[in-house]
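Structure first, then comments.
2 protein chains.
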Amino acid sequence: MDVIDQMRLFFEPRSVAVIGASRRTGYEHFNLLESMITYGYPGKIYPVNPNADEIFGIRAYHNINELPEMVELAIIGTPRSEVLHAMRSCIRKGIKAVIIFSQGFAEADEEGKALQKEIAEIAREAGTRILGPNTLGVTNGFYGFSSGFAQLERSKLPIAVVSQTGMILQGFTRSTIFGKGIDLGNMCDIDFVDVLEYLEDDPEVKVIFLHMEGIKRGRKFLEVARRVSKKKPLLVLKTGRSNRGREAIRSHSGSLAGEDIIYDGAFKQCGVIRLKSIDELQDMAKTFLNFSWVEVRRMAIITATGGGGIIATDACEESNLELAQLSRETLGKVEDLSPPWFSIGNPVDIWPASLVHGYPKVFGVALGAVLSDKNVDAVLCVLPSPVHKVFDVSGIIERTAAKFDGKPIVIWRAGYLYSEEQVALFEKNRKAVVYPTGERAVRALATLTEYAKIRNSKD
Amino acid sequence: MDVIDQMRLFFEPRSVAVIGASRRTGYEHFNLLESMITYGYPGKIYPVNPNADEIFGIRAYHNINELPEMVELAIIGTPRSEVLHAMRSCIRKGIKAVIIFSQGFAEADEEGKALQKEIAEIAREAGTRILGPNTLGVTNGFYGFSSGFAQLERSKLPIAVVSQTGMILQGFTRSTIFGKGIDLGNMCDIDFVDVLEYLEDDPEVKVIFLHMEGIKRGRKFLEVARRVSKKKPLLVLKTGRSNRGREAIRSHSGSLAGEDIIYDGAFKQCGVIRLKSIDELQDMAKTFLNFSWVEVRRMAIITATGGGGIIATDACEESNLELAQLSRETLGKVEDLSPPWFSIGNPVDIWPASLVHGYPKVFGVALGAVLSDKNVDAVLCVLPSPVHKVFDVSGIIERTAAKFDGKPIVIWRAGYLYSEEQVALFEKNRKAVVYPTGERAVRALATLTEYAKIRNSKD
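Chain order of the listed sequences is A and B. This note's numbering puts the first sequence at residues 32 to 490. This note's numbering puts the second sequence at residues 32 to 490.
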């Protein structure tokens with residue numbers, strides 16, 4: 032069985048044994064069996080509990096030996112003292128994939144460290160792969176399998192997350208729910224390399240996020256990441272930048288974090304883009320999902336507020352994006368609508384013209400003009416709050432953008448009166464992406480460009 | 032009349048003449064007369080329009096001379112060619128405060144520049160103060176006066192914004208609506224100094240935000256800002272950091288922006304805190320409104336996710352905040368609830384204990400313990416998404432915090448499933464403030480500390 036087939040047992044198991052399955056129901060008990068059922072797992076479930084004949088209406092077995100058939104995956108959720116015994120039973124049964132949910136191993140104390148080592152050794156000898164320990168396991172919205180206890184909304188967003196914390200399986204950010212997620216936990220066996228090889232040609236996944244505390248098999252990671260990053264964007268949130276952060280990592284996933292600067296260099300070498308914050312993670316998810324991977328150098332800014340245009344201009348320079356030199360033709364189209372005393376530049380301030388001809392008309396003219404200007408790679412629109420209906424130009428953007436496919440349009444919806452719902456609706460157009468601020472919109476395009484360069488580089 | 036009385040004419044006028052009042056109704060016409068009425072202005076309005084006897088049911092006058100009484104404030108919204116004439120009429124009538132809404136002055140062309148100069152000169156001679164030109168004017172939610180065209184929600188949030196863009200009068204951010212706002216526009220007369228003197232002892236205003244493109248009267252600004260910053264936080268978003276940004280400023284408000292590094296030094300000298308982004312502006316509004324002005328050095332982090340704790344740890348170090356050395360007693364309280372193999376540190380990882388005793392109980396114990404620890408100045412709680420009811424600990428936070436008043440509690444509500452409404456509710460407690468990410472929560476405390484130091488410094 033190659034690594035891809037092995038990983039399939041974790042992401043798309045046809046049958047699962049849950050060892051240490053509890054009968055306690057309700058959110059407060061974090062019952063992974065219950066949440067697996069609720070999530071809509073389509074395969075067969077075999078609860079294993081020495082004291083139960085049935086759990087949640089499913090026949091339970093007193094131990095692994097009693098299972099009527101082979102299972103593809105076992106999940107061990109017992110107290111740590113029983114994990115070694117359970118692992119031995121799984122191996123005897125011939126199970127090839129095991130998630131160890133339990134805590135108290137390398138992240139805890141010396142005894143835990145020794146226990147983890149022993150478990151990893153017997154598994155390796157038997158050819159059984161282990162995910163964990165100290166993990167929430169896997170979430171796969173495409174297939175309907177989730178081993179975490181969280182009652183997750185099922186998502187088919189083509190983003191995969193490979194993480195060293197269970198937090199990420201709940202979605203790291205409030206608006207992004209990942210289609211596939213895996214929590215590597217203590218990485219006693221399965222690590223970033225295994226998962227990257229599985230995701231490399233996975234047609235369900237277009238973007239890969241890594242949350243990394245430490246790494247094993249550094250050389251192999253570089254090799255695989257370099258290959259994968261040519262096929263799809265690989266973004267990493269590497270934590271433990273600080274000294275205290277590195278100390279904390281030792282008692283979280285038991286990883287050795289190493290000097291941060293070494294990671295920086297390694298990521299650059301293999302085409303992995305490093306993100307600096309959770310905000311950026313959220314921004315880049317929608318950026319990569321909605322825009323094609325183009326290099327942006329020359330920005331046009333359309334604004335109804337001079338002040339907002341200047342804020343956006345500062346942001347462009349700070350992200351190494353130029354303001355495009357707009358053609359005479361482009362400038363003329365907006366100038367024709369403006370009062371005679373007003374001269375148009377970039378940022379394109381459409382406010383004086385809007386007072387004469389109405390905002391929607393002038394906005395539409397300006398957007399069409401800059402999109403058709405061959406000196407422009409992408410457009411940032413600083414839109415007023417849609418508190419006025421006249422400022423709701425989502426329809427105009429959709430129609431205009433359809434004629435100029437390929438140039439990213441990013442939106443800073445200024446002002447206080449917009450709700451998450453309004454923004455979500457706007458994004459359904461998939462012609463333009465809305466960001467909370469102009470600074471973040473521009474930074475997202477700079478990162479998109481960074482990836483386009485990685486992809487287009489020859490080496 | 033001193034400057035405070037002069038500024039009162041702009042913020043709390045008892046009567047207003049609107050020169051160039053239009054009869055066109057509906058959002059698309061940006062009719063400032065209409066929006067003034069909708070906003071609920073309690074004073075007397077006198078529309079002035081040579082072609083109308085009545086507008087929106089209010090008696091209109093053909094020119095300023097016909098007004099039956101003196102007005103405290105005039106707003107000029109005519110085309111620029113008529114502004115000088117209107118200004119002369121106002122002066123003849125003896126009006127002491129004029130907002131020039133019209134555009135096409137120093138921000139536009141040479142003719143506009145000359146016009147602006149002439150208008151400023153005749154006003155100065157007459158002792159009439161001018162706000163603008165090229166301004167949306169003033170918003171005062173406490174009094175019910177707004178000269179902008181935007182249909183604003185009326186807010187009594189004790190934050191004032193002094194801005195060089197009208198954008199800010201609509202609220203720069205989606206969740207913050209300012210109680211008082213003024214758009215200085217081209218600053219041909221009234222500038223930052225005048226407004227700061229008015230706001231200095233204004234009991235309705237606790238925090239002052241400046242949006243600054245350029246400055247006049249630099250020395251006087253330093254003097255006044257130094258005095259005001261000892262009384263209330265003064266935060267500035269200074270734009271034109273970039274070369275292109277500075278060029279754009281010239282054609283926006285006609286200001287000379289000058290070298291950015293000079294502003295940096297000046298702000299430090301006079302206790303003005305410089306913000307770097309719109310996100311930060313939003314974060315600091317709620318921070319300053321909810322917390323007392325304390326210096327935070329030693330942070331405790333309570334987390335249900337080890338990975339989130341590490342992200343927060345990195346953020347603390349990057350914002351120059353220490354992780355507190357928790358007392359043996361504090362650690363013991365959570366250790367007593369944890370499995371024997373788990374040792375508690377800071378970040379305080381409460382997850383292993385939660386699996387045994389339930390999340391709410393352990394969270395409450397941990398929060399009480401760190402708040403009563405004399406080595407702790409503030410607490411960051413990394414809370415899981417409230418997708419599980421068991422994770423909704425807002426009540427616990429409220430009750431616990433009430434016993435330990437004075438130590439800021441900041442919340443990073445991780446995970447995707449929370450809505451703006453949930454966050455808003457949470458904030459009504461006013462015992463803890465929620466931020467979109469841990470990084471932003473920590474940065475907010477660092478800025479709070481920066482202000483506390485300014486306030487506590489002797490010079």
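Think of the CB as a built atom: it goes at the ideal place given N, C-alpha and C, for glycine as much as any other residue.
Cβ of B/A117 within 9 Å of Cβ of B/I107? For the purposes of this step, residue 117 of chain B is taken as residue 86 along the second sequence, with counting starting at 1. For the purposes of this step, residue 107 of chain B is taken as residue 76 along the second sequence, with counting starting at 1. B/I107 sits close to B/A117, with the two beta carbons spaced by under 9 Å.
Spatial neighbours of B/G469 in its chain, beta-carbon cut-off 7 Å, leaving aside the 5 residues before and after: Position 438 of the second sequence, counting from 1, holds the residue named residue 469 of chain B. Counting only Cβ-Cβ distances below 7 Å, and skipping sequence neighbours, we find G339, I342, A343, A346, L411, V413, W443.
Under 9 Å by beta carbon: chain B residues contacting A/T270: Taking the first sequence and counting its residues from 1, the one referred to as residue 270 of chain A is at position 239. Near A/T270 (Cβ distances below 9 Å), the residues of chain B are G338, I341, I342, T344, D345.
So for B/R39, helix, strand or coil by DSSP? Against the second sequence, residue 39 of chain B aligns to sequence position 8. DSSP places B/R39 in helix when its eight states are reduced to three.
Going by DSSP, what residue range makes up the alpha helix (DSSP H) through A/Y491? No statement about residue 491 of chain A is possible, as the shown extent of chain A runs from 32 to 490 and does not include it.
Would B/V327 pass as a contact of B/D408 if the rule is Cβ separation under 9 Å? Counted from its first residue, the second sequence places residue 327 of chain B at position 296. Counted from its first residue, the second sequence places residue 408 of chain B at position 377. Yes. Within cutoff.
Along the beta strand (DSSP E) that carries B/Y72, what are the first and last residues, could you check? Taking the second sequence and counting its residues from 1, the one referred to as residue 72 of chain B is at position 41. Where B/Y72 is concerned, there is no enclosing beta strand (DSSP E), because DSSP gives it neither an H nor an E.
Identify whether B/K405 lies in helix, strand or coil by the three-state DSSP scheme. Taking the second sequence and counting its residues from 1, the one referred to as residue 405 of chain B is at position 374. Looking at B/K405 - three-state DSSP - the assignment turns out to be coil, as it is neither helix nor strand.
Residues in the stretch 64-90 of chain A having any Cβ partner in chain B nearer than 7 Å: none
Which listed residue (A/Q195, A/D33, A/E141, A/P99) has its alpha carbon closest to that of B/P371: Residue numbering aside, residue 371 of chain B sits at position 340 when the second sequence is read from its first letter. Nearest of A/Q195, A/D33, A/E141, A/P99 to B/P371, Cα basis: A/E141.
Collapsed DSSP secondary structure at A/Y390 in the structure displayed: Numbered from 1 along the first sequence, position 359 holds the residue referred to as residue 390 of chain A. Secondary structure at A/Y390: helix, using DSSP grouped into helix, strand and coil.
Hey, A/K263 and A/V238: beta-carbon distance below 9 Å or not? To locate residue 263 of chain A, count along the first sequence from 1; it is residue 232. To locate residue 238 of chain A, count along the first sequence from 1; it is residue 207. Taking the C-beta atoms as reference points, A/V238 is found nearer than 9 Å to A/K263.
Quick one: what does DSSP say B/H242 is sitting in, helix, strand or coil? As a position in the second sequence, residue 242 of chain B is number 211, starting the count at 1. In the structure shown, B/H242 sits in a strand (DSSP, three-state: E or B).
Can you check whether the C-beta of A/D140 is within less than 9 Å of a C-beta belonging to chain B? As a working mapping, residue 140 of chain A is identified with position 109 in the first sequence. Yes, A/D140 counts as interfacial toward chain B.
Please check the pair B/L265 and B/G302, which I expect to be a contact at CB under 8 Å, by giving their CB distance rounded to whole angstroms. Here residue 265 of chain B corresponds to residue number 234 of the second sequence, with the count starting at 1. Here residue 302 of chain B corresponds to residue number 271 of the second sequence, with the count starting at 1. About 7 Å separates the beta carbon of B/L265 from that of B/G302, a gap short enough to meet the 8 Å contact definition.
Alpha carbon of B/G270 to alpha carbon of A/F136, nearest angstrom: For the purposes of this step, residue 270 of chain B is identified with residue 239 of the second sequence, where counting begins at 1. For the purposes of this step, residue 136 of chain A is identified with residue 105 of the first sequence, where counting begins at 1. The residue asked about is misnamed: residue 270 of chain B is Thr in this sequence, not Gly. Roughly 52 Å between the two C-alpha positions.
In chain A, which residues lie with their C-beta within 9 Å of the C-beta of B/D310? For the purposes of this step, residue 310 of chain B is taken as the residue at position 279 of the second sequence. The contacting residues are D310, P467, T468, E470, R471.
So if DSSP puts B/A191 in a beta bridge, which residue, or which two residues, is it bridged to? Taking the second sequence and counting its residues from 1, the one referred to as residue 191 of chain B is at position 160. According to DSSP, B/A191 bridges with B/K211, B/I239.
So, A/V401 versus A/A384, is the Cβ gap smaller than 9 Å? Working through the first sequence from its first residue, we reach residue 401 of chain A at position 370. Working through the first sequence from its first residue, we reach residue 384 of chain A at position 353. Result no, Cβ atoms of A/V401 and A/A384 do not sit closer than 9 Å.
Per DSSP, cross-strand counterpart(s) of B/N171: Here residue 171 of chain B refers to the residue found at position 140 of the second sequence. Under DSSP, B/N171 takes part in a beta bridge, and its partners are B/F176, B/K211.
Could you have a look at B/I50 and say whether DSSP puts it in helix, strand or coil? As a first step, residue 50 of chain B is located in the second sequence; it is residue number 19 there, counting from the start. B/I50 falls in the strand class under three-state DSSP.
To the nearest angstrom, how far is it from the Cα of A/A128 to the Cα of A/S53? For the purposes of this step, residue 128 of chain A is taken as residue 97 along the first sequence, with counting starting at 1. For the purposes of this step, residue 53 of chain A is taken as residue 22 along the first sequence, with counting starting at 1. Between A/A128 and A/S53, the C-alpha separation is close to 21 Å.
Across which residues does DSSP place B/A128 in a beta bridge pair? Locating residue 128 of chain B in the second sequence gives position 97, counting from the first residue. In DSSP, B/A128 forms a bridge with B/R160.
Compare the C-beta of B/G197 against all C-beta atoms of chain A and say whether one is closer than 9 Å. Along the second sequence, one-based indexing puts residue 197 of chain B at 166. Chain A, which has a Cβ nearer than 9 Å to the Cβ of B/G197, makes this yes.
Members of the stretch 372-406 of chain A near chain B, C-beta cut-off 9 Å: W372, F373, S374, G376, N377, P378, D380, W382, P383, S385, L386, G389, Y390, P391
So, is the C-beta of A/V52 closer than 9 Å to a C-beta in chain B? Taking the first sequence and counting its residues from 1, the one referred to as residue 52 of chain A is at position 21. The sequence given here places Ala at residue 52 of chain A; Val does not occur at that position. Chain B contact via Cβ: absent.
Check distances from the C-beta atoms of the stretch 169-180 of chain A to those of chain B and list, in chain order, the residues that come in under 8 Å. none
Mind listing, in chain order, the continuous alpha helix (DSSP H) runs of no fewer than 4 residues lying wholly within the stretch 285-324 of chain B? Correct list: 291-301, 309-321.
A/A105 versus A/S66: straight-line alpha-carbon distance, rounded: Reading the first sequence from its first residue, position 74 is the one you call residue 105 of chain A. Reading the first sequence from its first residue, position 35 is the one you call residue 66 of chain A. In a straight line, the C-alpha of A/A105 is about 16 Å away from that of A/S66.
Could you tell me whether the stretch 33-42 of chain A touches the stretch 162-174 of chain A, using the rule of 3 or more Cβ pairs below 8 Å? yes
Rounded to the nearest angstrom, what separates B/A151 and B/G143 at their Cα positions? As a working note, residue 151 of chain B is residue 120 in the second sequence. As a working note, residue 143 of chain B is residue 112 in the second sequence. Near 12 Å, if we compare the C-alpha coordinates of B/G143 and B/A151.
Would you call the CB atoms of A/L386 and A/G376 closer than 9 Å? Walking along the first sequence from the start, residue 386 of chain A turns up at place 355. Walking along the first sequence from the start, residue 376 of chain A turns up at place 345. No. Outside cutoff.
Is there a Cβ of chain B sitting closer than 9 Å to that of A/S273, yes or no? As a first step, residue 273 of chain A must be located in the first sequence, where it is residue number 242. So yes, A/S273 belongs to the interface.
Please check if any C-beta of chain B sits within less than 9 Å of the C-beta of A/I221. Translated into the one-based positions of the first sequence, residue 221 of chain A becomes position 190. So, not an interface residue.
Between the alpha carbons of A/P110 and A/A477, how many angstroms are there, rounded? In the first sequence, counting from the first residue as 1, residue 110 of chain A sits at position 79. In the first sequence, counting from the first residue as 1, residue 477 of chain A sits at position 446. Rounded to the nearest angstrom, the two C-alpha atoms are 47 Å apart.
Considering Cα atoms alone, identify which of B/Y70, B/S46, B/G57 is closest to B/P78. Locating residue 78 of chain B in the second sequence gives position 47, counting from the first residue. Per the Cα distances, B/S46.
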